[in-house]
Structures are given as structure tokens and as C-alpha cells.
Amino acid sequence: MTDLTHMTLADARDALKAKKISSLELTEAHLTAMEAARPLGTYVLETPDHARAMAKASDEKIAKGDAGALEGIPLGIKDLYATKGVRTTACSNILANFVPEYESTVSSQLWRDGAVMLGKLSNDEFAMGSSNESSAFGPVVSPWTPPNWSADKAQSALAGDKKGLLVPGGSSGGSASAVAAGLCLGATATDTGGSIRQPAAFTGTAGIKPTYGRCSRWGIVAFASSLDQAGPIARTVRDTAIMLRSMAGHDPKDTTSVDRAVPDYEAAIGRSVKGMKIGIPKEYRVEGMSAEIDALWTKGADMLRAAGAEIVEISLPHTKYALPAYYIVAPAEASSNLARYDGVRYGVRVAGKDITDMYEKTRAAGFGPEVRRRIMIGTYVLSAGYYDAYYVRAQQIRTLIKQDFEKAYAAGVDAVLTPATPSPAFGIGEKSGADPVEMYLNDVFTVTVNMAGLPGLAVPAGLSAEGLPLGLQLIGRPFDEETLFSLGEVIEQAAGRTRLPTRWWA
Amino acid sequence: MSVDQATVRRIARLARIAVTDEEVPHLMGELNAMLSFVEQLDEVDVTGVEPMTSVTPMAMKKRTDVVTDGGYPETVVANAPMTEDHYFLVPKVVE
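For the record, the sequence lines run as chains A and B.
Mapping of the first sequence onto my numbering: position 227 corresponds to residue 229, and the numbering continues sequentially without gaps.
Mapping of the second sequence onto my numbering: position 33 corresponds to residue 101, and the numbering continues sequentially without gaps.
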């Protein structure tokens, strides 16, 4: 049965269509794999009954010749997406008992196209984190083992405090880990500063953050509304293209969703990249970047050059300010968005002597340390006397970051190639010291893309000398995800598909 | 800029998050680490730069100002910690 969970989404789709396999057997294989992988902590809620009912319905549709684009494909859903009648927590204690009465637009489109829901996937609490260690359900473990660890050593760590095992990245760590471990064929994710691309790079999977406005944000728990965007994580670039076509599209319920036709993204796979101009931004060669990542970046450029693309050096001078500006804009928006968790309309309440006391106790008990920290910094930068010095300045810098990209694109650059992360995955507990900024530096290459609202694709590009996955990032023009898919496919083909990790946990 | 303990307490109050005396020095350290990280933004010349308000240039969508939703109070209060007759219940606010 193992091969059913190691298929690509595209191969599974074709096998279903050809009636070589049924959705029910595909779904059962995944449910069995999920059960054996519970110690990894990827799923925070398994929905087997739901999955079997959906799979049976899909098999009937396939039999009738009435199959949708994702008919019968088992997927995992990040716990940030509201799923009707299925507990949705954002992996926060404050929403521990929340059962939405509605379905997010993006997930409803996946069900419209026939996908099967396996369950809800872990993430950093309210999507705030880069390691999936801040989930209220505990850390998620990457299926990749640390360099030179035996399966026995990894197993005993998994049964113990999990220290030293690798993080899958975050915030969509459950999504990335589940895709890499063969616990779903694809997963939904969200990206505010790198939360799709960084975990994809850490786990040898592919992930795309589409252009801001491409996917509806309606029904997805809000973190920083001007930066949040939904997107898929899957095993191949093609698989992400297939999923994005179903996820994207205009939604009248989200005023920032864009009314533009959704292209057949899969058709962009295999399209020639000959003559395309690829920018290499010199400012991304940051201090502390591993030599290996630098070499990978050069190799990626060589792969695109070999396919006929032209490689040019470009300058994005405000790059270094993106991360600090992000840590003003994102917490400011979070402090506003998370004001709704007050113990009145939904979520957990802690009683107090008056209403203010009730609010304060509810929020102190319900939010974890990282979320509290970000709400407080956001409250501070928006408070009287500091608003102009911090918030307005950060938004001005955001304009400058966007202009940097606009200038490059105006000069004829079709896409920008960068590393996805400054290093391969690190260990659980390794970056939880007193300085939160150490963790934030993980997003140094991805955060610019959110600040400028652009699409960004993380492509698995090989393994480090120690055998850990490494990823490259392609950044595109607004709404030109197709070019990213064409270029990403070239890198994926040239680098060779990253193998799936062996099942040491089962 | 950096924050002192009194400011940490004031921010926590504004954010409606209870903090204990033991947490304050720790939080102060973390907030100051973040504030010193963002200090480098001061070196950027932002004279005449428009602050970003919308990352995708598009006109704000509008709709007719009419009721388009509602009529299901049970659903609205379904997840509330305390309710009575379709009302959210909170501690007494007005004497």
C-alpha cells in the first residue's frame, strides 16, 4: 500500500481517471499511514469518516464520468482554514473548542472540484512562527532525520522530548511535513512572511504563495490581512499548479480578492523558458548564508541558463529593510485582527471580576508566548505618539521595496531567482532562546515577496552535503504565476525529484 | 527607542492581556530586542514616499447597502461561551 501514499497528485489523478485505483483505497492507504505517523504531530485532527464518505462520493462520480479536477484526491487542510462542522483552532488554546458554522472559500473550492479531506494540519499558533514549535498541540517533527542519526536514535527521540529532531519549518509545518511523509497528496497552507515557502524548502516539497488577491482570504483565520495569502504545498511543481487552479479565483466575500480569470496553471508546466530574463539580486547574498546555499543558487541559475534563459544581475536595494519593516506591519495588523478573541462570541473564556478582567485573563490564558509578544509589539507601534515613527515609516519602506521589484520588471526581468532559506532545517528547541529575532531571520528571503504582494514559488533543488533538502525561490510579476511554474519545472527536472524520506517513525 | 517596565504594563493593558510581575522583565527584554532590530529602518530616507495602503492597485469594491445575510441567530451564537435567548452574555458592564 505504501506506493499509493508516495504517488504524485498528478499520477494519482490520472490513475483515478483511468480507474486503476479507487479514491476509497487511496484514502484508506492515507488514513493508515496517518495513524502510524501520529507521533510526528502533523495532523491535529483526523477526519476519517468524513474522508471515507467523500471518497465514496468521488468514486461514484468517477464511475458516472462526472469527475472534477481534483476528484478523489486526499488532501490535508491547514488548521487556519475554517471547515464547516469540523473543529478549527488555528492551533491556539483560545480557539480550542471552535467549530465553524461556515467553510472557507478556498477549501470549499477544493471540495467543489472533488478533493477528499483527510483532516486538519498543525501550524504555528495563528501562523506566527517559522518552526511549527508554537502550535498549542506541540511541535511538528520533520520526516527528515538529522544528519548521521540512525532510525533507532530518531525513534527514541520521537518517543521522548523530540529535542534534536528537525523542525519542518513554519508556519505551515504540518502541511509540509504531511506532504513529505506521505500523509496526504497535497495540503493547503498560508503565507504571511514565508510560511509556505520556508517549510517547503525545509522538507523537500514545492509550495507557492500566489500574488496577493489571487486566492480569497474569506474563512481563513486572519494574521496580517495585507500580507496573508493562501496557497498549496505538494510534492512537485506540477502538483502545486493543479491545486492552485482550484484554490484561486474571485470571491465577492473578500474585497481584496481580484476579479481575474484563473489560467490553467498546469499548462505552463513544460513550456519553454528560452529567452526569459532571470534576475539575480545581489542584495540576497547575505552575511551568514551557508556556502552550500550559495552554491545551490549558482547551480539553479546554471540550470535555467542551460534551458535557454538569460541570467542578469539586478539590484533590489531595500531588501535588508524588508524583515524589520515586516516586524512592524505584521504585528500591527495582528494586534488589530486578534482583538476579536475576547471570550465573548467564540473561543475559550476565563471568568474575571469585571469585563476588562475577563478579557485580560482570557487572552493571557488563551494566547501562547509568541502570539502575546506580537500583539504587544503591534499595540505599541500603533499607540499614540509612535504611530508615525513606526507604522507609517514601515509602510513607506514597503512602497520602496515594491518599487525595487517594479524597476527590475520594467527593465525586462521576467522572474527573480533567490535561495528560499539561509540554511537547511534546524533542530527542535535550537532557536527558542531569549532573542526572538534569531527565529525571524529564517524569513529573510521570503518576506520581501509578501511586502510587495508578489507571487513566490519554492522549488526543491537538491540535498545538502549532510543529506537535508534545500530549496530555491522564484519570484514573479504580479499575477504571473504561470512563468514561475514553467521555470520551477525546469529546476525540478534538472535537479531531479527529491526522494521522500524513509518511514523511520512507523 | 526602548521600553521600560511601566511601558510594558501599559501596553499589556492596552492589548487586554494580563501579565504577572514575574513576566514583565522577560517581556521587556523580548520587546526591546524587537525594537532594536527595527531601529535600522531609521537610516532609510523616506522623504516624499507614499505609505503603502494597498499592495495590489485596485479600486475598492463596493456593493449596494442592503442586507445580504442573516436570519440565523442560533448559528451566530453557536460557539459563544455564554448565551441566553440568542444574546451573548458578559459580566455586568453598567451599574
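Built from N, CA and C at the ideal position, the CB exists for glycine as well.
Bear in mind the structure is a predicted one, so any value in this text is a computation, not a measurement.
>> Counting only Cβ pairs nearer than 8 Å, list the residues of chain B close to A:GLY478.
In response: The contacting residues do not exist; A:GLY478 stays about 14 Å from chain B at best.
>> Measuring CB atoms only, is the region 456–464 of chain A touching the region 208–215 of chain A, in the sense that at least three cross pairs come out at less than 8 Å?
In response: Short answer: they touch.
> Are the beta-carbon atoms belonging to A:ALA202 and A:LYS80 less than 7 Å from one another?
Replying inline: Taking the C-beta atoms as reference points, A:LYS80 is found no nearer than 7 Å to A:ALA202.
>> Short of 7 Å Cβ to Cβ, which residues in the region 162–189 of chain A face chain B?
In response: Taking 7 Å as the Cβ-Cβ cut-off against chain B, none of the residues of the region 162–189 of chain A qualify.
> From A:ASP390 to A:PRO424, what does the alpha carbon distance come to, in whole angstroms?
Replying inline: Near 32 Å, if we compare the C-alpha coordinates of A:PRO424 and A:ASP390.
> Does the beta carbon of A:THR7 sit closer than 7 Å to a beta carbon anywhere in chain B?
Replying inline: No - not a single Cβ of chain B is within 7 Å of the one on A:THR7.
> So the beta strand (DSSP E) A:GLN231 belongs to, where does it begin and stop?
Replying inline: 231–236 is the extent of the beta strand (DSSP E) around A:GLN231.
> Hey, quick one: how far does the alpha helix (DSSP H) through B:GLN73 stretch, first residue to last?
Replying inline: Boundaries of the alpha helix (DSSP H) harbouring B:GLN73: 73–82, taken from the DSSP string.
>> Just to check my reading of the structure: A:SER60 and A:SER25 have Cβ atoms closer than 8 Å, yes? What is that Cβ distance to the nearest angstrom?
In response: The pair is a contact, with the Cβ atoms about 4 Å apart (cut-off 8 Å).
>> Helix, strand or coil for A:PHE204? Go by DSSP, reduced to three states.
In response: DSSP places A:PHE204 in helix when its eight states are reduced to three.
>> Taking 7 Å as the threshold (C-beta atoms), are A:ALA396 and A:VAL331 in contact?
In response: Result yes, Cβ atoms of A:VAL331 and A:ALA396 sit closer than 7 Å.
> Is A:MET305 buried or exposed, if buried means 16 or more other CB atoms sit within 10 Å of its CB?
Replying inline: Classification of A:MET305: buried, given that the 10 Å Cβ count is 16 or more.
> Which ranges does the beta strand (DSSP E) cover as unbroken runs of at least 3 residues, wholly within the region 305–387 of chain A, from first to last along the chain?
Replying inline: Within the region 305–387 of chain A, the complete beta strand (DSSP E) runs of at least 3 residues are 312–316.
> In or out: A:GLY171 buried (at least 16 other Cβ within 10 Å) or exposed?
Replying inline: So A:GLY171 counts as buried.
> To the nearest angstrom, how far is it from the Cα of A:ALA156 to the Cα of A:VAL169?
Replying inline: Take the alpha-carbon of A:ALA156 and the one of A:VAL169: they are about 13 Å apart.
>> Within 7 Å of any Cβ in chain A, is that where the Cβ of B:PRO141 sits?
In response: B:PRO141 does not count as touching chain A.
>> By the three-class DSSP mapping on this structure, what secondary structure does A:GLU494 have?
In response: It is helical.
> beta strand (DSSP E) containing A:ILE79: first to last residue?
Replying inline: Here the beta strand (DSSP E) through A:ILE79 covers 76–80.
>> Taking only three categories from DSSP, how would you classify A:TYR214?
In response: Three-state result, A:TYR214: coil.
> If we count Cβ pairs, one from each stretch, closer than 8 Å, do we get three or more for the region 62–74 of chain A versus the region 242–252 of chain A?
Replying inline: They touch, by the three-pair rule.
>> The alpha helix (DSSP H) that contains A:ALA53, what's its start and end?
In response: Secondary structure note for A:ALA53: its alpha helix (DSSP H) is the uninterrupted segment 50–65.
> For A:ALA353, does the count of other Cβ atoms within 10 angstroms reach 16, so buried, or fall short, so exposed?
Replying inline: Exposed, since its Cβ has fewer than 16 Cβ neighbours within 10 Å.
>> Against chain B, which members of the region 389–407 of chain A pass a CB distance test of less than 8 Å?
In response: Cβ contacts with chain B: ALA391, TYR392, VAL394, ARG395, ALA396, GLN397, GLN398, ILE399, ARG400, THR401, LEU402, LYS404.
> Quick one: complete alpha helix (DSSP H) runs, 4+ long, within the region 131–203 of chain A?
Replying inline: Within the region 131–203 of chain A, the runs of alpha helix (DSSP H) that reach at least 4 residues and sit entirely inside it are, in chain order, 153–161, 175–182.
>> Below 8 Å on C-beta distance, what does A:PHE128 contact in chain B?
In response: Simply none; closest approach about 14 Å.
> Is it buried or exposed for A:ALA117, if we count other Cβ within 10 angstroms and need 16 for buried?
Replying inline: Label assigned to A:ALA117: buried.
>> Tell me which residues share the same chain as A:LEU384 and place their Cβ nearer than 7 Å to its Cβ, disregarding the 5 neighbours each side in the sequence.
In response: ALA334, SER337, TYR393.
>> I need the straight-line Cα distance from A:ALA508 to A:ALA327, nearest angstrom please.
In response: Those two C-alpha atoms are separated by around 43 Å.
> Could you give the distance in angstroms between the alpha-carbon of A:ASP406 and the alpha-carbon of A:LEU318?
Replying inline: A:ASP406 and A:LEU318: Cα-Cα distance of roughly 5 Å.
> Can you list, in chain order, the residues of its chain whose CB lies under 7 Å from that of A:GLU484, leaving out five sequence neighbours each side?
Replying inline: For A:GLU484, the CB contacts under 7 Å within the same chain, skipping 5 residues up- and downstream, are PRO265, TYR267, ALA270 in chain order.
> Which whole runs of the beta strand (DSSP E) in the region 451–475 of chain A are 3 residues long or more, in chain order?
Replying inline: Within the region 451–475 of chain A, the complete beta strand (DSSP E) runs of at least 3 residues fall at 458–465.
>> Just to make sure I have the definition right: I need the residues of chain A whose C-beta is within less than 7 Å of the C-beta of B:ALA146. Which are they?
In response: Chain-order list of chain A residues neighbouring B:ALA146: GLU103, by C-beta distance under 7 Å.
>> Check this for me: beta carbons of A:ALA189 and A:LEU123, under 7 Å apart or not?
In response: Yes.
>> DSSP has A:ALA417 in a bridge; who is on the other side?
In response: Partner residues in the beta bridge of A:ALA417, as assigned by DSSP, are A:ILE280, A:GLY478.
> Do B:ILE79 and A:TYR411 have their C-beta atoms within less than 7 Å of each other?
Replying inline: Cβ distance not < 7 Å, so B:ILE79 and A:TYR411 don't count as in contact.
>> Measuring only the C-alpha atoms, how far is A:GLY206 from A:PRO426?
In response: Spanning the two alpha carbons is a distance of roughly 10 Å.
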